[in-house]
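Peer 1: Starting off with a structure, shown below.
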Amino acid sequence: MLFRAASCRASPTWPHLASPALAADTYQFDKSHTTVGFQVRHIFTMLGGKFQDFSGTIKVDRAKPESSSVEFTIQAATIFTNDAKRDEHLRNPDFFDVANHPTITFKSTSVKAAGRDVYEVTGNLTMRGVTRQVTLPVTFLGEGKDPWGNEKMGFAIATSLNRKDYGINWNKALDQGGVLVGDEVKVQISVEANKVKQAAEAR
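When you read off a place in the sequence shown, starting at 1, and then add 1074, the result is the number in the numbering used here.
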């Protein structure tokens, strides 16, 4: 799901990618090669979906990785589950209430190494008007140049959220017991990010 072209030189560990002189690089999400997806239980199966409009910025401090940061914004109205009627229901007040809460946002407050190429990124996640602190397990997949010379990085996030923590409570009881929609939402985000060229590089 992430860019893994043959020309990409995978780097083993983020903190040692380069010298301190190259600190504070900025990368932006490449929307055409990034997926913001989720799965939630629907009766007996797992229903998948994604958001189609989003933006994100990653600041990589190579000299001091714990000072790196990430923030992203998702346009909630762009939810897509391959069913127009269901998507419209998800936009209304039973779920995301996009008329009053058009965005889902995350802004990191700390980055902590948790193993080889794995980081715990803690920050504030705001959804449907509710802000909660969460820790996202982020796997760094490498960096390199694509065939056109663009510098890229790849990251993957897999975590779970309880939708009721954000006031998304709608459900229907089933005759045989249980409910129509599960509370746990599995989140999968695959990010390909492009380095923002500084003025000196652009010349």
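Note that beta-carbon positions come from the ideal geometry of N, C-alpha and C, so glycine has one too.
Quick one: what does DSSP say ARG1206 is sitting in, helix, strand or coil?
Peer 2: strand
Peer 1: Would you call PRO1139 buried or exposed, if buried means 16 or more other Cβ atoms sit within 10 Å of its Cβ?
Peer 2: buried
Peer 1: Let me check one thing: in DSSP terms, what residues is ILE1132 bridge-paired to?
Peer 2: TYR1101, VAL1144
Peer 1: Could you pull the start and end residues of the beta strand (DSSP E) that LYS1124 belongs to?
Peer 2: 1119-1125
Peer 1: Please report how far the alpha carbon of ALA1084 lies from the alpha carbon of LEU1254, in whole angstroms.
Peer 2: Residue confidence for ALA1084 is low, a pLDDT of 43 falling below 50, so the modelled location carries little weight; the figure read from the coordinates is stated next. In a straight line, the C-alpha of ALA1084 is about 43 angstroms away from that of LEU1254.
Peer 1: By a C-beta neighbour count over all protein chains shown, 10 Å radius and 16 as the cutoff for buried, is MET1227 buried or exposed?
Peer 2: buried
Peer 1: Which stretch, first to last residue, makes up the beta strand (DSSP E) that contains LYS1226?
Peer 2: For LYS1226, the enclosing beta strand (DSSP E) begins and ends at 1225-1236.
Peer 1: Closest to THR1196 by CA distance: which of GLY1223, VAL1144, HIS1163, THR1100 is it?
Peer 2: Across the set GLY1223, VAL1144, HIS1163, THR1100, the C-alpha of VAL1144 shows the shortest separation from the C-alpha of THR1196.
Peer 1: Using a Cβ-Cβ cut-off of 8 angstroms, state whether TRP1244 counts as contacting chain D.
Peer 2: Within the model displayed, chain D is absent; a lone protein chain is all it includes.
Peer 1: Does the beta-carbon of ASP1104 have 16 or more other beta-carbons within 10 angstroms, so that it is buried, or is it exposed?
Peer 2: buried
Peer 1: Would you call PHE1118 buried or exposed, if buried means 16 or more other Cβ atoms sit within 10 Å of its Cβ?
Peer 2: exposed
Peer 1: The beta strand (DSSP E) that contains ALA1187, what's its start and end?
Peer 2: 1177-1187
Peer 1: Helix, strand or coil: which one does DSSP assign to THR1152?
Peer 2: helix
Peer 1: When DSSP labels each residue in this structure, what does ARG1190 get in the three-state scheme?
Peer 2: It is coil, neither helix nor strand.
Peer 1: Could you tell me which residues DSSP puts in a beta bridge with VAL1195?
Peer 2: VAL1185, LEU1210
Peer 1: CB-CB under 6 angstroms to VAL1212, same chain, minus the five flanking residues each way: which ones, in chain order?
Peer 2: TYR1193, VAL1195, PHE1229, ILE1231
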